[in-house]
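Each remark here refers to the structure printed beneath this line.
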Amino acid sequence: MAGTLSQTSLQDVRAHECEPKGEDPLAPRASTPDEGKDFLVADALSSDDMRLLFQLQVINSQLRSELSLEDEDLPQVESQTDEFVDQLRRAALEGHLLKSELKSLEKELSRMAANLTEDELNKCAENTQTPLRRSSADLVEQGQQVTRQTIELSSCYEERVRRLEAELHAAAASQLPPQGAAPVWMLQQLQVLEADCELLEMSYAQAQEKRKELEDRVLQRLHMEQQSQLKDIGNLTDIVSHSKRDEPAPSVEPLKEEAAQLRAEAERLRAQRAKDQAQASQQSTALRQELCDLQDHCQQALARRSRLEANVKDLKNSHSNFANTSREVLELRRDKELLDKDRQRMERRIAILDAKIESLQKEAEDLRQRACVVMSSMPEQAATLGDAQVWQLQDALQQKQLQVQELRRRDARALREQDEAHQLLETAQVDASVLERKIRHLSSRSPPVQA
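Using numbering that gives the first Met the number 0, the letters of the sequence shown map in sequence onto residues 0 to 450.
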């Protein structure tokens with residue numbers, strides 16, 4: 000633009016020097032200085048300058064449309080732009096006035112030269128050649144100075160326009176949200192969902208720990224019952240051996256019958272013990288399998304959590320796509336349904352374990368009754384046995400009673416732990432319902448996706 004203005008100004012000066020009586024290139028449209036500044040500026044600017052000015056206006060309108068600032072004013076930029084445009088208009092007006100004055104002077108000089116003779120013209124030419132040359136040189140210098148000022152103004156104007164455009168871009172970039180950032184309400188809801196997922200995972204881990212502790216206690220209880228049964232069998236075997244060794248010869252037959260009964264009872268108890276051991280091994284295998292299943296479920300939950308975290312990152316990166324938001328809501332609902340199914344499966348397993356505990360309690364009661372029957376049959380032989388055997392039997396009876404009391408206390412503790420597990424399950428259900436309400440609220444707040 001500066002180069003075009005300089006070339007145009009130099010061409011105008013050369014035209015005035017070479018053709019003093021020619022027509023001004025700025026006045027072929029029959030314009031006068033009184034017609035207004037806009038027309039003068041339009042005549043002062045060349046076609047290339049007008050084309051560049053139009054391109055700047057188009058670029059400015061595109062920037063406004065991209066930054067959504069069509070209806071907003073930029074007072075600082077507009078005022079500075081108007082100031083430079085006014086300066087350019089004043090410079091162009093001064094150049095046009097100087098050109099019009101030069102043209103009028105040339106016309107007056109030609110009119111005066113027509114009234115003079117050849118001798119007068121030669122004399123005037125000799126007398127005025129030096130001042131005319133000096134005045135023409137001054138005019139050329141003034142034209143060049145005006146051209147330089149115009150070039151400097153245009154270059155300064157272009158530099159200021161570029162700087163203002165850069166400031167405008169920086170201000171718009173500072174006002175716009177960063178690329179890939181999600182809206183504030185979506186981030187808040189995602190944080191709430193993450194907190195709910197963490198609470199559900201913590202409750203699930205606590206329930207799993209409680210379940211594992213309950214299984215360990217059941218296994219320990221079964222092991223202790225097995226040890227007590229083995230101890231009872233050993234005591235009965237010792238009693239039978241002592242009775243065989245200490246009884247006199249005449250009463251061998253009834254003792255043999257009782258010994259046979261005791262052996263049968265011992266065999267039955269051994270079979271029962273083997274059966275209990277098999278059941279305990281089966282139960283331990285089933286519990287191990289359930290533990291493996293729970294570990295698999297935990298791995299699946301961790302995988303779902305990683306998927307949810309990835310989905311959350313995707314949602315943060317693509318906040319403008321509401322279809323992705325609805326798809327994330329559907330996935331969260333499916334995950335919630337999966338968690339509900341896992342909770343139902345856990346409840347069913349807890350019910351199965353409760354049934355197993357009840358069956359074990361019944362078996363323990365049967366064993367206690369059988370022990371009582373065996374111990375009730377023993378006082379009939381107390382007369383024939385010594386005092387040491389009587390005291391031994393009484394000690395065994397007291398130990399059995401203590402074991403029965405300990406089993407009752409353990410049963411009560413297991414019931415309390417079962418109640419605590421039920422309370423934890425109810426808490427997990429409440430958390431799941433709260434999460435479902437939040438998901439519904441999120442889906443209701445998210446705008447519908449347009450086709």
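Glycine included, every Cβ here is placed at the ideal spot set by N, Cα and C.
Listed in chain order, the beta strand (DSSP E) runs fully inside the region 219 to 305 amount to none, counting runs of at least 3 residues.
About 5 Å separates the Cβ atoms of residue 272 and residue 228, confirming a contact at the 8 Å cut-off. Here the alpha carbons of residue 89 and residue 102 stand approximately 20 Å from one another. In this structure, the straight-line span from the alpha carbon of residue 312 to that of residue 284 is close to 42 Å. By the Cβ rule, the region 190 to 200 counts as touching the region 302 to 311, because three or more pairs are nearer than 8 Å. In this structure, DSSP gives residue 441 a helical state, which the three-state scheme calls helix. Shown here, residue 202 sits in a helix according to DSSP, grouped into three states. Judged by pairs of C-beta atoms under 8 Å, the region 341 to 348 does not touch the region 218 to 237, as fewer than three such pairs exist. Under the three-state reduction of DSSP output, residue 109 falls in the helix class. When Cβ pairs closer than 8 Å are counted between the two stretches, the region 290 to 306 is seen not to touch the region 358 to 367, the count staying below three.
The same chain holds no residue with a CB closer than 8 Å to that of residue 61 once the five nearest residues on each side in sequence are set aside. Rounded to whole angstroms, residue 432 and residue 425 show a C-alpha spacing of 11 Å. Take the alpha-carbon of residue 111 and the one of residue 118: they are about 14 Å apart.
DSSP places residue 414 in the helix class (H, G or I) of the three-state scheme. About 7 Å separates the Cβ atoms of residue 202 and residue 423, confirming a contact at the 8 Å cut-off.
For residue 66, the three-state secondary structure derived from DSSP is coil.
In the three-state DSSP reduction, residue 45 falls in the coil class, being neither helix nor strand. Put simply, of 287, 109, 165 the residue whose alpha carbon is nearest the alpha carbon of residue 59 is 165. A straight line joining the alpha-carbon of residue 65 with that of residue 97 spans about 44 Å. Rounded to the nearest whole angstrom, the CA to CA distance from residue 108 to residue 114 is 10 Å. With a threshold of 16 other beta carbon atoms within 10 Å, residue 334 meets it and is buried. With a threshold of 16 other beta carbon atoms within 10 Å, residue 217 meets it and is buried. With distances taken between CA atoms, residue 213 lies nearest to 356 out of 375, 356, 428, 405.
Residue environment for residue 210: buried (at least 16 other C-beta atoms within 10 angstroms of its C-beta). Shortest Cα-Cα distance from residue 205 to any of 427, 93, 87 involves 427. Taking a 10 Å sphere around the C-beta of residue 220, we find 16 or more other C-beta atoms and assign the residue as buried. The Cβ-Cβ distance between residue 232 and residue 265 falls below 8 Å. Around the beta carbon of residue 224, a 10 Å sphere encloses 16 or more other beta carbons of the protein chains shown; the residue is thus reported as buried. Inter-residue distance for residue 49 and residue 104 is about 31 Å (C-alpha atoms, whole angstroms).
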